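Take any residue in the sequence shown, note its place counting from 1, add 174, and you have its number in our numbering.
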Amino acid sequence: MVCLEFEKIRCRYRGVVNLSDVKNVKKRKNGKRKRKKGIALILFVLFSLALLIGLSLTVFFPVKSIKATGSKFYESRDLVKYSGIEIGENLLRINENEVLANIRRSLPFVDEVSVEKNLDGNIILKVTDAKEVFSYSIDEKFYSTDKNDRVLKVYDEMPENMLHIVCDAKLSEDKLSVELNDVKKEEIIEMISAKAEGFSLKANELDITNSYEITMLFDNRLKVNFGDVSYFEEKLSHFLKMCENENLYEVSGTVNLSQYTPENHAAFFVKDKNNVK
């Protein structure tokens, strides 16, 4: 009798356990289905995005028209011609740096190009012209360059209205390589521009061939020997004060500041014999 009751209890217990297991199995299956659906949805979204990106870079947004503005040197049609942009190509794939490089190969007097892309297919090239800032002499030719020493034009004679740099310069493709040793040309030019503002002096030539004897020519009549680059800013300031105090605006000659220091304001001016401006 006891055995029979025990068997009934055992059967009931086994039945409860089996029902619980069934529920757990169903939950696991439902969880797997949900995960599979989630993964499928993510894959579908990623595929759709990839398809849209692919179409946008191939089929959508074709270039319909191109024009260029801003240049005083070149016609719009020439800038468009050498830009490398073609009608019908995808405007989203147009690279601004490549466009600038393409144009510069044939039209050097271009400093910057901003590519304005409109989704209606119209492209506008906004051009900033380059300016001749420096000139260099190499093999009896004169090369004008922009502020970054990129060659703009070649002359047979020294060009005017730019600062002529005398130094060891070498031509490499469309750019000049300048050997300056300890002299930092950019810093010197910056100081000259900042200090000379407001003074009626024009810098014609900067000779940095010898780093211990840096010289400059102003107004084609005043030669200034700065010595080495030390205290260059102070030397330049002192020279400009000399122009005011000693009225050097009407004479020609040489100013020697090679021995100048903040403690010793050594400065000498020697007039040219003919003393003409």
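For every residue, glycine included, the Cβ atom is placed at its ideal position computed from N, Cα and C.
Small disclaimer: the values here were computed from a predicted structure and weren't measured.
Environment of residue i [buried if 16+ CB atoms lie within 10 Å]
i      : result
Phe308 : buried
Asn378 : buried
Leu431 : buried
Ile366 : buried
Ile362 : buried
Ser288 : exposed
Ala304 : buried
Asp294 : exposed
Asp348 : exposed
Straight-line gap, residue i to residue j (C-alpha atoms, nearest Å)
i      : j      : result
Phe443 : Ile240 : 59 Å
Met416 : Asn335 : 25 Å
Glu424 : Asp330 : 31 Å
Gly401 : Arg278 : 39 Å
Leu410 : Thr389 : 11 Å
Ser346 : Val325 : 10 Å
Thr243 : Pro236 : 21 Å
Glu452 : Asp320 : With the chain running from 175 to 451 in the structure shown, residue 452 is simply not present.
Glu418 : His412 : 10 Å
Asn394 : Ser374 : 13 Å
Thr274 : Ala441 : First, the residue type needs correcting, since residue 274 is Leu and not Thr in the sequence shown. Approximately 48 Å between the Cα atoms of the pair.
Thr383 : Arg267 : 46 Å
Gly262 : Val219 : 29 Å
Lys397 : Glu437 : 24 Å
Val403 : Asn264 : 53 Å
Thr435 : Val429 : 15 Å
Leu380 : Leu391 : 7 Å
Glu286 : Asn271 : 9 Å
Asn448 : Asn421 : 17 Å
Phe283 : Lys327 : 9 Å
Glu387 : Lys359 : 14 Å
Glu260 : Lys291 : 14 Å
Tyr453 : Leu281 : Lying before the first or after the last residue shown, residue 453 is absent from the chain, which here runs from 175 to 451.
For residue i, three-class secondary structure by DSSP
i      : result
Val176 : Confidence at Val176 is low in this model, with a pLDDT of 47, below 50, so the placement of that residue should be treated as unreliable; the coordinate-derived value is given next. Three-state result, Val176: helix.
Tyr248 : coil
Val403 : coil
Lys327 : strand
His439 : coil
Leu337 : strand
Ala377 : strand
Asn171 : The displayed coordinates of the chain run from 175 to 451. Any statement about residue 171 would go beyond what the structure contains.
Asn271 : helix
Lys321 : coil
Lys359 : helix
Lys369 : helix
Asn276 : helix
Bridge partners - residue i, DSSP secondary structure assignment
i      : result
Leu396 : Phe392, Gly427
Ile297 : Ile240, Lys291
Ser311 : Phe316
Thr302 : Glu286
Val444 : Thr428
Asn384 : Answer is none; Asn384 lacks a bridge partner.
Self-check item: Inter-stretch contact (C-beta, 8 Å, three-pair minimum) for the stretch 313–324 and the stretch 249–257
Solution: The stretch 313–324 is not in contact with the stretch 249–257.
Exercise. Check whether the stretch 290–303 touches the stretch 328–344, taking contact to mean three or more Cβ pairs, one atom from each stretch, closer than 8 Å.
Key: Touching, no.
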